[in-house]
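J.: Right, I'll just put the structure down here and ask away after.
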Amino acid sequence: MTQDIVSQGSARGYSWEPFKPGNYVAKKHGAHSDRVIVPLAAEIANAVCQSRPDLQAPEMQPAVLAYARTEAQLEVLTAYVDQHGAFTETGEVSAAEKHRLRIDTQAANHRSRLGLDPLSKARLGKDIASTQLDLAQILTQQREDAEKASTTPPTLEGEN
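All letters in the sequence shown, in the order written, are residues 18 to 177 by my numbering.
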């Protein structure tokens with residue numbers, strides 16, 4: 018006959034106070050915690066939009082927010098790895114360091130898309146300059162065509 022054991026109280030007489038709202042008991046590095054990431058991401062997004070007003074456009078907001086969130090995660094993970102080390106006791110790369118490396122790659126991709134690293138900023142500048150040059154050429158050609166049209170005498174139908 019098997020007897021089912023059902024706990025009527027705390028195990029071995031231990032008792033713990035229930036966790037209160039806002040506790041950080043289970044927090045390891047915080048890279049997945051909105052309470053940690055969201056305020057930091059907001060600071061990053063505001064700073065980048067102040068330095069680059071072109072990124073304030075509504076269509077840029079999702080990209081800026083994704084960038085800011087990733088940078089916030091990277092900052093938190095880097096601080097954690099700096100404090101706890103990148104390797105386990107057995108010499109393997111820690112899970113936090115592996116995650117930090119993945120997030121670092123994502124952050125680099127976001128920076129590149131937004132023109133926030135030197136190479137992508139130079140490419141963006143080149144593209145803008147090229148577009149402005151093309152526009153200037155089009156406007157010059159239109160002006161020349163308009164001047165020719167206004168100075169050319171009208172021809173009668175049937176004349177060659």
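Cβ atoms here follow ideal geometry from the backbone N, Cα and C, with glycine treated the same way. Keep in mind that this is a model prediction, so the values were computed, not measured.
1) Assuming the contact rule is C-beta atoms closer than 8 Å, tyrosine 97 and arginine 128 should be a hit. Round their C-beta distance to whole Å, please.
2) Hey, out of Thr105, Ala125, Gln78 and Arg117, whose CA is closest to asparagine 63's CA?
3) I'd like to confirm the pairing. Which residues does DSSP put opposite valine 110 in its beta bridges?
4) Return helix, strand or coil for serine 167, following the three-state DSSP convention.
5) Please confirm whether leucine 72 and valine 81 have their CB atoms less than 8 Å apart.
6) Which residue wins for smallest C-alpha separation from serine 68, given the options Gly47, Leu133 and Asp51?
7) How big is the Cα-Cα spacing for lysine 165 and proline 70?
8) Can you have a look at alanine 58 and say buried or exposed, based on whether 16 or more other CB atoms are within 10 angstroms of its CB?
9) In whole angstroms, what separates the C-alpha of cysteine 66 from that of aspartate 99?
10) What are the start and end residues of the alpha helix (DSSP H) that includes proline 56?
11) When DSSP labels each residue in this structure, what does alanine 11 get in the three-state scheme?
12) Under the three-state reduction of DSSP, which class applies to leucine 91: helix, strand or coil?
13) Using the beta-carbon count (16 or more within 10 Å), is valine 93 buried or exposed?
14) Let me confirm a value: arginine 86 is counted as buried when at least 16 other C-beta atoms fall within 10 Å, else exposed. Which label applies?
15) Just checking my contact of alanine 103 with glutamate 114 at CB under 8 Å: how many whole Å lie between their CB atoms?
16) In whole angstroms, give me the CA-to-CA distance for arginine 130 and glutamate 161.
T.: So, from the data block:
1) That pair is no contact at about 21 Å.
2) Comparing Cα-Cα distances from asparagine 63 to each of Thr105, Ala125, Gln78 and Arg117, the minimum goes to Gln78.
3) Paired residue(s): Phe104.
4) Helix at serine 167.
5) Yes; because the gap between Cβ atoms is below 8 Å, this pair is in contact.
6) Residue Leu133 is the option with its Cα nearest to serine 68.
7) Using only the alpha carbons, I get a separation of about 41 Å.
8) So alanine 58 ends up on the buried side.
9) Take the alpha-carbon of cysteine 66 and the one of aspartate 99: they are about 29 Å apart.
10) Per DSSP, proline 56 belongs to the alpha helix (DSSP H) from 51-68.
11) Residue 11 falls outside the range modelled here, since the chain spans only 18 to 177, and no answer is possible.
12) In the three-state reduction of the DSSP assignment, leucine 91 falls in the helix class, which pools H, G and I.
13) Burial check for valine 93: the Cβ neighbour count within 10 Å reaches 16 or more, so the residue is buried.
14) Classification for arginine 86: buried.
15) Confirmed, Cβ separation roughly 4 Å.
16) As the crow flies, the alpha-carbon of arginine 130 is around 38 Å from that of glutamate 161.
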